[in-house]
Amino acid sequence: MHQMTLAEIARGLADKKFSSEELTKVLLARITQLDPQLNSFISLTEELALEQAKAADTRRANGESGALLGAPIAHKDLFCTQGIRTSCGSKMLDNFKAPYDATVVAKLAAAGAVTLGKTNMDEFAMGSANESSWYGAVKNPWNLEHVPGGSSGGSAAAVAARLLPAATATDTGGSIRQPAAFTNLTGLKPTYGRVSRWGMIAYASSLDQGGPLARTAEDCAILLQGMAGFDQNDSTSIDEPVPDYSASLGDSLQGLRIGVPKEYFSAGLDPRIAELIQNSIQQLQKLGAVIKEISLPNMQHAIPAYYVIAPAEASSNLSRFDGVRFGHRCENPENLIDLYKRSRGEGFGPEVQRRIMVGAYALSAGYYDAYYLKAQKIRRLVKNDFMAAFNEVDIILGPTTPNPAWKLGAKNSDPVAAYLEDVYTITANLAGLPGLSMPAGFVDGLPVGVQLLAPYFQEGRLLNVAHQYQLNTDWHTRTPTGF
Numbered sequence: 001m002h003q004m005t006l007a008e009i010a011r012g013l014a015d016k017k018f019s020s021e022e023l024t025k026v027l028l029a030r031i032t033q034l035d036p037q038l039n040s041f042i043s044l045t046e047e048l049a050l051e052q053a054k055a056a057d058t059r060r061a062n063g064e065s066g067a068l069l070g071a072p073i074a075h076k077d078l079f080c081t082q083g084i085r086t087s088c089g090s091k092m093l094d095n096f097k098a099p100y101d102a103t104v105v106a107k108l109a110a111a112g113a114v115t116l117g118k119t120n121m122d123e124f125a126m127g128s129a130n131e132s133s134w135y136g137a138v139k140n141p142w143n144l145e146h147v148p149g150g151s152s153g154g155s156a157a158a159v160a161a162r163l164l165p166a167a168t169a170t171d172t173g174g175s176i177r178q179p180a181a182f183t184n185l186t187g188l189k190p191t192y193g194r195v196s197r198w199g200m201i202a203y204a205s206s207l208d209q210g211g212p213l214a215r216t217a218e219d220c221a222i223l224l225q226g227m228a229g230f231d232q233n234d235s236t237s238i239d240e241p242v243p244d245y246s247a248s249l250g251d252s253l254q255g256l257r258i259g260v261p262k263e264y265f266s267a268g269l270d271p272r273i274a275e276l277i278q279n280s281i282q283q284l285q286k287l288g289a290v291i292k293e294i295s296l297p298n299m300q301h302a303i304p305a306y307y308v309i310a311p312a313e314a315s316s317n318l319s320r321f322d323g324v325r326f327g328h329r330c331e332n333p334e335n336l337i338d339l340y341k342r343s344r345g346e347g348f349g350p351e352v353q354r355r356i357m358v359g360a361y362a363l364s365a366g367y368y369d370a371y372y373l374k375a376q377k378i379r380r381l382v383k384n385d386f387m388a389a390f391n392e393v394d395i396i397l398g399p400t401t402p403n404p405a406w407k408l409g410a411k412n413s414d415p416v417a418a419y420l421e422d423v424y425t426i427t428a429n430l431a432g433l434p435g436l437s438m439p440a441g442f443v444d445g446l447p448v449g450v451q452l453l454a455p456y457f458q459e460g461r462l463l464n465v466a467h468q469y470q471l472n473t474d475w476h477t478r479t480p481t482g483f
């Protein structure tokens, strides 16, 4: 059962080959047995999962249907879940039980999805390796000595190891797509505003976006269908009709114009990954796509702009964690200032503290115009580059990451080296565009991803291209040894 995709599970449940309760018990046992190697879960919700599974079986017996009805998933541990710990991977929120469900959690529960637990993540979603979690690093099932990517590494490792078929995740600068590439999964960052952020604990509010992680584009289409939609509780949610993402998966790629930015193939890209990307381009050409070289001239400025904007927003968002209202509180504070200082110093880890300090500096009097305002101007230039490119092409293609997954601890002493791994992904967040990573091969036994970007609200186009590619390749079917 654990080898089935979300689509196969939906068909099996519809055909009454097994029940949701049976499947849930199998996967919970598998998590208990195998997750100690990976550390991909922070919390297991066995009691809730079995309740939801039994309820889904009853709904099916009463004539209801739906692709997610009875399907097991997990949530990244920054989606609030009522009565269940929502930690954000931080000591600061280790004792926090959310009093309500995030919109994404509520929507998927209403669709009948079964929540198996909450997955590990970089603390407050700050990281590219899933090593900054207070609960310890997550390990890549393809090689336990390597990182699974971040910040959604727990969701990625769990799905890649076949502990469950799909999971929710979030992407602020590549945190869905990069872990997908590192663990041989398909991961989709939707258009900013497509998926509600209400109840999703914020890192950088103008960049964060929830999305699906799964093994196939078909599965991502199913999960996104349940996640997407307008939410009046979220002021950044966009009231745009949600199409049937599964309906367009079979569309032909004949005549599809794919742009390949010349800036992507620079000296920083591992030549073995470049070769795999070229192989993917050739495969899509065989399916009828037309390839055109394009330029994104302001891409070189994206990383410095992002690492001003994101920390600035983080410093503002995380100011609410002060030891007073909720979260970690220090012991025996001498006064209010001591309470603030020690509660935040004890509750936040080094990476979070680093970004708060950078952000506070960028927003401070005398530096706002020089850093934050200039970064926002660069952000507009990056968006303009994409708008010009999409006048010429339908999709933009390139590598998801410049290198395969690195060894655990290899970049801990050099944060900037880790930041540079986001070079291909952060532009989509700065511009608010949808992006998808899909499996494209292996380097030294470690997975590699190819990234697709599309115009606003064209998630269906990304899923269609990825699905057609996966019908003609088998990279996404590979399973890590031992799982």
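Under full-length UniProt numbering, the sequence shown has 47 at position 47, and the numbering climbs by one with no breaks. Each residue gets a CB set at the ideal place from its N, CA and C atoms; glycine is no exception.
Distance CB(residue i)-CB(residue j) smaller than 8 Å
i	j	result
Ile291	Pro165	no
Ala156	Leu185	yes
Thr191	Tyr424	no
Ser133	Gly149	no
residue 486	Ala314	This structure gives no information on residue 486, because the portion of the chain shown stretches from 1 to 483.
Thr5	Asp219	yes
Ser43	Gly117	yes
Met227	Gly210	yes
Tyr307	Tyr419	yes
Val324	Ser196	no
Gly449	Pro439	yes
Leu284	Pro261	no
Ala217	His2	no
Val159	Leu213	yes
Ile378	Ala289	no
Gly173	Asp422	yes
Where the beta strand (DSSP E) containing residue i begins and where it ends
i	result
His75	Pro72 to Lys76
Lys292	Val290 to Ile294
residue 563	Here the chain has residues from 1 to 483 only, and residue 563 is not among them.
Glu117	For the record, residue 117 in the displayed sequence is Gly; it is not Glu. That run of the beta strand (DSSP E) goes Val114 to Thr119.
Nearest-angstrom beta carbon gap, residue j and residue i [assumed within contact, 8 Å]
i	j	result
Thr183	Pro402	Going by Cβ atoms, the distance from Thr183 to Pro402 rounds to 17 Å, so no, they are not a contact pair.
Gly327	Phe18	Not a contact, Cβ separation roughly 41 Å.
Val114	Gln178	Not a contact, Cβ separation roughly 27 Å.
Thr168	His75	5 Å
Lys294	Glu392	One detail in the question is off: residue 294 reads as Ile in this sequence, not Lys. With a Cβ gap of about 6 Å, Ile294 and Glu392 count as contacting.
Ser152	Gly193	In fact, because the Cβ distance is near 19 Å, the residues do not count as touching under 8 Å.
Leu463	Ala221	5 Å
Ile273	Val416	In fact, because the Cβ distance is near 21 Å, the residues do not count as touching under 8 Å.
Alpha-carbon to alpha-carbon, residue j and residue i
i	j	result
Ser280	Gly259	13 Å
Arg162	Asp338	46 Å
Pro72	Phe348	32 Å
Tyr135	Ser40	10 Å
Leu78	Phe124	8 Å
Ser413	Arg215	32 Å
Lys286	Arg30	40 Å
Pro399	Leu50	40 Å
Glu331	Glu346	10 Å
Tyr372	Pro271	35 Å
residue 488	Val242	Residue 488 falls outside the range modelled here, since the chain spans only 1 to 483, and no answer is possible.
Ser206	Ala61	43 Å
Residue i, enclosing alpha helix (DSSP H) - first and last residue
i	result
Thr103	Thr103 to Ala110
Leu38	Ser20 to Leu38
Thr58	Glu46 to Ala61
Pro99	Segment: none, Pro99 is in no alpha helix (DSSP H) and carries neither H nor E.
Asn140	Taken as a continuous stretch (DSSP letters only), Asn140 belongs to no alpha helix (DSSP H), as it is neither H nor E.
Checklist entry - Hey, which unbroken runs of the beta strand (DSSP E) at 3 residues or more fall wholly within the region 214–270? => result 257–261
Item to check | Uninterrupted beta strand (DSSP E) stretches inside the region 162–205 (no shorter than 3 residues) | outcome: 166–170 and 186–189
Next on the checklist: Runs of 3 residues minimum, wholly inside the region 399–483: which ones carry the beta strand (DSSP E) assignment?
Outcome noted: 435–443 and 446–453
Item to check | Complete alpha helix (DSSP H) runs within the region 295–323 (minimum length 4 residues, chain order) | outcome: 302–317
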